[in-house]
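Visitor: Below is one structure. I have some questions about it.
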């Protein structure tokens, strides 16, 4: 069921982004009286799930959810329709339009993607504000497992900054530590210490997709059944210790249960203000039937924004999303051979979606992906919008239009490059799925 929910979210996100992106091209082409022959959501290789001609345009839905396209008459694109280009140019064809109109048509999809991200980020800022973990409220520090311990962190540590610059938001510290590297500034027993962010630390941060630093907050029993229920654990019990050892994060609890098959674990819990000890015998399968809930209310603050602030923040978040992604390439470059496993395609991206439908996360993810795809499409690679825009700008500056034969060759080169990149990314997704 979780796989279906993730897949449904991913398909809907792609559908929104692709339809609006291609709709941008379509609207601009129509505005300049350019014929659009096809408008497809997803690729219709060999066949389409649905198609219908309305006026001069065939609208449809393909079966391969890797994007979509509009086929504009008189344009050398991925369809490689060279026969049409051999015919005399018609006034309603793309190639007959002035360079500035062709440039607008090519950039319209990117502009729509940027506007979509700005609108979503702006609306969410106005309606929900921003929830963040305030490092000044981390009285119990952060969760420290083996990855954080290897970096030099200890239970009770509170990250306060990176390279001498302090931040109040824990997620900002995670982001800056990953992108900037250098030193992590940590408060420990009232003193500030500096921990080097080395290559191993970068790898650990990349592997913690939900964020490297997590607040150490009270963990309560949320669901309880089978062995745990029979032993006396109840929903709402606050877990204080296991076998007289204070707990530091749910992962530690899960690991302790997993390593205690056919033995007893003593849970120290708080129930209705009283401490209780409950002994649970862990069966051979090392599962006792409990699920956690985390009380973040004591460490989370909410920053609210007015209408004007929300609009400005929508614009700011859109472009900071792009710059952060570009800067993250430097992290992958530092890791070199170790970096390939962290390059994700649609499968890897879908894996990051929650197993339950969360509209807040859904729209945030849509905005993030829309901004990122706008940037990718702007890259000056033949076959992408940026490639077409690059050749059009060349024409506008020099006054010389690249020949059709040259454009066909560049389109083939771009297509081969993009297909090779897609094979690599999908292969990487599949390998990670198998070995994760």
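Numbering (full-length UniProt numbering), first residue to last: 1 to 436.
Think of the CB as a built atom: it goes at the ideal place given N, C-alpha and C, for glycine as much as any other residue.
None of these values were measured; they are calculated from a predicted model.
How is the alpha helix (DSSP H) around residue 370 delimited, first residue to last?
Guide: It spans 359-378 - the alpha helix (DSSP H) in which residue 370 sits, taken as one unbroken run.
Visitor: Three or more beta-carbon pairs under 8 Å between the stretch 216-233 and the stretch 286-298, yes or no?
Guide: These segments touch.
Visitor: Any beta-carbon of chain D closer than 9 Å to the one on residue 256?
Guide: In the structure shown, chain D cannot be found, because there is only a single protein chain.
Visitor: Just how far apart, CA to CA, sit residue 9 and residue 356?
Guide: Using only the alpha carbons, I get a separation of about 10 Å.
Visitor: Which first and last residues belong to the alpha helix (DSSP H) in which residue 212 is found?
Guide: It is not in any alpha helix (DSSP H) - residue 212 carries neither H nor E in the DSSP assignment.
Visitor: Just how far apart, CA to CA, sit residue 333 and residue 271?
Guide: If I take the Cα positions, the gap works out to 50 Å.
Visitor: With 16 other CB atoms within 10 Å as the buried threshold, where does residue 63 fall?
Guide: By the 10 Å Cβ count, residue 63 comes out exposed.
Visitor: Figure out for me which residue from 335, 239, 413, 125 has the closest Cα to the Cα of residue 292.
Guide: Ranking the options by Cα distance to residue 292, first place goes to 239.
Visitor: To which residues of the same chain is residue 226 closer than 6 Å at the C-beta, ignoring the five residues directly before and after it?
Guide: Excluding sequence neighbours, residue 226 sits near 289.
Visitor: Do residue 384 and residue 376 have their C-beta atoms within less than 9 Å of each other?
Guide: For residue 384 and residue 376, yes; Cβs fall inside 9 Å.
Visitor: Quick check: the Cα distance between residue 260 and residue 241, rounded to an integer number of angstroms?
Guide: Looking at the two C-alpha atoms, the distance is approximately 15 Å.
Visitor: Can you give me the Cβ contacts of residue 104 inside the same chain, cut-off strictly under 8 Å, excluding the 5 residues immediately before and after it?
Guide: Here the set comprises 28, 32.
Visitor: Can you tell me the Cα-Cα spacing of residue 192 and residue 186, whole angstroms?
Guide: For residue 192 and residue 186, the distance between alpha carbons rounds to 5 Å.
Visitor: Could you give the uninterrupted runs of the beta strand (DSSP E) lying entirely in the stretch 146-199, keeping only those of 3 residues or more?
Guide: As far as the stretch 146-199 is concerned, its whole beta strand (DSSP E) runs of at least 3 residues are 158-162, 182-188, 191-197.
Visitor: What does DSSP give as the partner residues of residue 278 in its beta bridges?
Guide: Answer is 267, bridged to residue 278.
Visitor: Could you check the C-alpha separation between residue 236 and residue 230 for me, to the nearest Å?
Guide: Roughly 16 Å separates the two Cα atoms.
Visitor: Ignore the nearest five residues each way along the sequence and tell me which others in residue 353's own chain have a CB closer than 6 Å to its CB.
Guide: Only 6, 9 meet the Cβ criterion.
Visitor: Verify whether the separation of the beta carbon atoms of residue 155 and residue 65 is less than 9 Å.
Guide: Their beta carbons are not under 9 Å apart, which means residue 155 does not touch residue 65 by this criterion.
Visitor: Could you check whether the stretch 318-327 touches the stretch 153-172, counting it as contact only if at least three pairs of C-beta atoms, one from each stretch, sit closer than 8 Å?
Guide: Flag = no, the stretch 318-327 and the stretch 153-172 do not touch.
Visitor: Less than 7 Å between C-beta atoms, sequence neighbours within five positions excluded: which residues of the same chain meet that for residue 15?
Guide: Answer for residue 15: 41, listed in chain order.
Visitor: Which residue marks the beginning of the alpha helix (DSSP H) containing residue 391, and which one marks its end?
Guide: Segment 385-398, the alpha helix (DSSP H) holding residue 391.
Visitor: Which runs of the beta strand (DSSP E) fall wholly inside the stretch 40-99 and span at least 3 residues, in chain order?
Guide: Counting only runs of 3 or more, we get 50-54, 57-61, 64-72.
Visitor: If you check the beta carbons only, do residue 118 and residue 93 fall under 9 Å apart?
Guide: No, the pair does not count as a contact, with Cβ atoms beyond the cut-off.
Visitor: Measuring straight from C-alpha to C-alpha, what distance separates residue 54 and residue 416?
Guide: When rounded, the distance between both Cα atoms is 33 Å.
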